[in-house]
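With the first letter of the sequence shown counted as 1, position 963 gets the number 963 in our numbering; the numbers rise by one all the way through. Heads up: the structure comes next, in structure tokens.
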Amino acid sequence: ANKEKKKAELEEVKANTSVTEQDVFQKKAALEAAQKKLKTKEEAVVAGKEKTEQLSQEITVKNDSLTAAKENLVLAQTSKAEAEQSLMTAEKELAEAVRVYEEAQKEAEAGSPEYKEAVQKVKKAKEALEAAKKEQAAKKEAVASAKKALKEAKALQENAQNGITEAEKKVQIAQAELDVLKAKDALEAAKKVQAEKQSALQSAEKVLNAKKAVKDQKDKVVSEKLSAKNQAESALQSAQAAYDAAESAVTKAAADKTNAENALAAVKNELKAAEAVYANAQAEVQNAKDRITKAEQNVAAKQKAYEDAVAFEQNASAQIAKGSMGFFEKMGSTDAVSALKNATYASYTNIGAANDATSLENMKQALAFMKECNDLRANHGLAPLKVTDYLMAVSQSNTNWSDNNLAHSGQFDVGENLAWGYADPFAGWYTKEKKLYDEGERDFSKVGHYLNIIDEDYVTTGFAISKDSSGYGVCHGQVFSFSASASYSVADYTARFMEYYNSLYQAADLTAAAKAELAAAQAELTAAKAALPEKEAAVRTAEAAVNEKKAAIPVAETAVQNAVKALESAQTDAGQKKKVLDQAQTAQQAAQNALTAAQNEANAAENEYQAAKNAYDNAESALAAAKADVEAKQKAYEDAQKAHTELTGGKKSSKKSARSYEGTLAEAEAHLKEANALLQAAQEKKAQADQVVAEKQAVCDQANQELAQADQVVADKQEATAQAEAHKNELEAQIAEDLAQKRQDVEAKEEAVQKAEELVQEKQTEIEQYTEQIDSDTKAIQQLEEALSKAKADLEVKVNEMNMAKAEEETAKKAYEEVIAAITPLRKAQAAYEQAAEEEKAAEKVYEEAVKSRKDLEKLLVSRKEALEKALDKKERASHLSLENAMKEEITDEEFAYLNDYVKAIRETEKKAEKAEKILEEKTKIAAETKTAYEAAKKVRVQTEAELAIAQTNYDKLLAKAEKEEANKKPEKKPDKDNKTPHTGDQAQTGSLVTTGVISLAMVAAVLKSKFRKKEDEI
């Protein structure tokens, strides 16, 4: 009915819907295209903005550069003006200095004839220098004129050379004609020589074959003699080997004799050693007895320590309840005990209570704060405070009272800091108050805690923590004193307290440790007793060894005698073998001599053969040379023909296509003679031209030489002028220091003028550089501003395009949303119809499955009843199982009989463990583990009973459900009797619950077995 209703609603919505899924698809595609376009435009805008920003930054950089250049230009112009002014001043000063110097010079000349003469010499030297320079210039002109004439002569020389070249070509042609004819004649002669060499080679080959036959026969004889020699050498080697073996036997016999003698000595030494071992073994027995006595004493001591530890453990709880009072009593600190008992406000102290300052836990926490106090004092270079039991008790009593009264108790004459509600009181006492103190605060009520901490006169301290305060949760108190009696460092006091603290809280561990030490001592005693028989056996063994070595001495003496006899026999045999060796050496030498004679004859035959071979090779080489000569002559003939063809105007060609000269030898010689005459005439003309060139070259060389002389004269005159001026300067220095000073002043002014001129030029260069930079930057800025303007315009266009794209995207989005809104009712109606159809199908399927499962449910009930009965039976039998009983008697229940293997393994391991005398502590631990396993098995049984109860409950619920369905069932088809397939929800594992418990017991047994196996391996 619901399906039909949804279908009618779907048809109604379809009739009222004007859009289709195709419309939705198109609108979505349009929206995605608009979004893609918008993204592209947005990216373009971002890129445009980045470009404008980059251009703006570049303009800023260029403007900065332009501004700097303009500033530098102004500075350079100013500097140049200043430099020009300095130059004008320097020039004026130079002119004045020259005037003053010249006047002084005139006065000096008037007063000193020698100086006047020196001045005249300088003048004459300068005049001579000018004359030499004029002569030098004239010589340079003469050199230039000579070079020009030489160049013209060389041109005529080159023309003459060209005439020679033409004549030489004619000579070459004539020579080529002659070469062709001579090469032809040489080729014919070479061919005749080749034929002669071929005949000589054939004759040499016959001689070579004959010599080879003789050589082969001699080589055969050598081979026979060599075989005989090898046989003789083999016999010699055998004889040598026999002799060497005999010698080795002698050596071995000698070694055996030595070894026998050494063995005799060794046996005697071993006897001494055995006697020493025997003595040591006797000493070891005595040591073992001493160890037993010591071990018995150690066991007695460990037994008492264990008994003391047990007594201490029994008293530990009561001692902990006494808190710090118990600690002070233990330490014998009567003044600390008195401080707690007799304080004015002793009633505020609840000794040992958890929140009281006297509790051991609070006292333990207080130790860390005293270390923190000393760390803070160390920052000020102060000595650390020490701790006393008395001040700890004082602080605990004070803090208990102050925790409830928020004030100082004033019970004792000590300095005191108190804090309520702090996790770390030093945050207030030190950190906050130090800040106030550093800012100038000196009021003790505001910075007194800080001053107590850093007071260099305090030497001892005590600290306490009370947690009884209902308002602040915790109260920290620290007291300070000038007295140092019975004090400890914080570290020592902490170690002292923690030893007491740990002894109480670890009393059980200490008892266990004492017990373990007792067990170890007992094991050591057992081991010592066990070792004694071994040591006594060692004495007996050592005594037997002594007797054995004594018996071995006669045997070793007999071995020495036998070795002496064996050595004598080996020496006799070696003498006989030496005779055989000498005979073999004689035979080998005779065979060697015969081989040498045969070898000499073979060598002579070899030499004759080699001579014939060399003659054959030479003839072969001569033939090859003749053939090569024919080939060379053939090539020379062809080359001559080719050269003639090329010289007479023919094209270059291969040897085969070169034309042969057809003239006679006489014609060729006549042509050559005529060409040589023409060449001689051209050479004579060239010689004349060479003569003219040589003459012109000589003139040029002379001019260069005279110029060099003129250069030297100029250099000499310059040197003379320099010497004259130097002499004049010396006279100036001698005549008047004032004149020299004036001359130096002139030179200084000249240098100043030069530097000023250089500075003006330098500043002018800077002005030009900065002007060029200004022009460049101005132009670059103009270009960048144009680019920026263009980029901004482009950005504006891109922004407009982006806005248009955004509007298009919004329009497309709106259209898409409208079509979605229009089609949504149709989609919902379609989905509702499809869901109704699916629900109808599902309902039909559920009904079919319900009808089908009835028979399965009935069978399941029967199955569950059987499983429950089995589980109850198994649970009953499992309840009687325990590891303790299984260790005494085997398990007879077949279903649990497999556990006997594990129990047997445990039993066997225990038997082996009893034999391990050194692992008493491990056996105790194993017993504890066995007990734990038993307890675990009991827990498994309890868990199994609980799971069985749950199974019973589930069964009852299932049975009630089945009975209810049976009462409400309707007629239905009879199900298939053979259908035994279980369905989802079956609880077929009910019977396995008890099995789980049994398996758990088996796992415990397996774990124990592995532990015992490990101990067994160690044994």
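Even for Gly, the Cβ is constructed at its ideal location relative to N, Cα and C. Since we're looking at a predicted model, the values are computed, not measured.
Hey, would you say residue i sits closer than 8 Å to residue j, going by beta carbons?
i      : j      : result
Asp356 : Asp468 : yes
Leu87  : Ala756 : yes
Val24  : Leu826 : no
Val479 : Asn398 : yes
Lys121 : Ala724 : yes
Leu201 : Ala584 : no
Leu10  : Ala829 : yes
Lys49  : Ala805 : no
Ala249 : Asp573 : yes
What do you get for residue i, buried or exposed, if any count of 16 or more other CB atoms within 10 angstroms of its CB means buried?
i      : result
Pro425 : buried
Asp256 : buried
His671 : buried
Glu848 : exposed
Lys970 : Low local confidence applies: a pLDDT of 45 at Lys970 is under 50, so the model's placement there is unreliable, with the coordinate-based value given in what follows. Exposed, by the Cβ-count rule.
Tyr898 : exposed
Met498 : exposed
Arg442 : exposed
Val555 : exposed
Report the three-state DSSP secondary structure of residue i (helix, strand or coil).
i       : result
Phe312  : helix
Val61   : helix
Tyr1034 : A query on residue 1034 cannot be resolved here, the shown segment of the chain reaching from 1 to 1019 and no further.
Val387  : strand
Tyr847  : helix
Tyr488  : strand
Thr349  : coil
Asp290  : helix
Ala357  : coil
Ile781  : helix
Leu156  : helix
Asn979  : Low confidence applies here, because Asn979 scores a pLDDT of 39, under 50, leaving its location unreliable and the question unanswered by this model.
Lys918  : coil
Ser409  : coil
Asp1057 : Residue 1057 is absent from the model: the chain starts at 1 and stops at 1019.
Thr165  : helix
Pro113  : helix
The alpha helix (DSSP H) that contains residue i, what's its start and end?
i      : result
Ala720 : 665 to 735
Ile553 : 507 to 647
Trp420 : Careful: Trp420 lies outside any alpha helix (DSSP H), inside the beta strand (DSSP E) at 415 to 420.
Asn342 : 334 to 342
Ile453 : 444 to 453
Ala886 : 883 to 888
Gln365 : 360 to 378
Glu4   : 2 to 16
Lys330 : 323 to 331
Glu433 : 433 to 438
Any beta carbon from chain C within less than 8 Å of residue i's own beta carbon?
i      : result
Leu178 : Chain labels in this structure do not include chain C; a single protein chain is all it has.
Considering only residues of the same chain and omitting the five flanking positions on each side of residue i, which have a CB-CB separation below 6 Å?
i      : result
Lys813 : Leu31
Ile823 : Val19, Val24
Ala626 : Val193, Gln194, Lys197
Ala733 : Ala740
Leaving out the 5 sequence neighbours to the left and right, which residues in its chain are closer than 8 Å to residue i when beta-carbon positions are compared?
i      : result
Val615 : Checking the displayed sequence, the identity of residue 615 turns out to be Ala instead of Val. Excluding positions up to five away in sequence, the list reads Ala204, Val207, Leu208.
Glu684 : none
Ala591 : Lys225, Ala228, Lys229, Gln231, Ala232, Glu233
Glu313 : Ala507, Ala508, Leu510, Thr511
Ala886 : Leu899, Asn900, Val903
Val580 : Ala239, Ala242, Tyr243
If you follow the beta strand (DSSP E) that residue i is in, where does it begin and where does it stop?
i      : result
His476 : 475 to 481
Ala464 : 460 to 466
Who are the Cβ neighbours of residue i in its own chain at under 7 Å, not counting the five residues just before and after it?
i      : result
Lys386 : Val459, Thr460, Ala484, Ser487, Tyr488, Ser489
Tyr430 : Leu376, Tyr450, Ile453
Lys549 : Val267, Glu270, Leu271, Ala274
Lys656 : For Lys656, the pLDDT reaches just 42, beneath the cut-off of 50, and the residue's location in the model is therefore unreliable, although a value from the coordinates is still provided. So the list is empty, once near-sequence residues are dropped.
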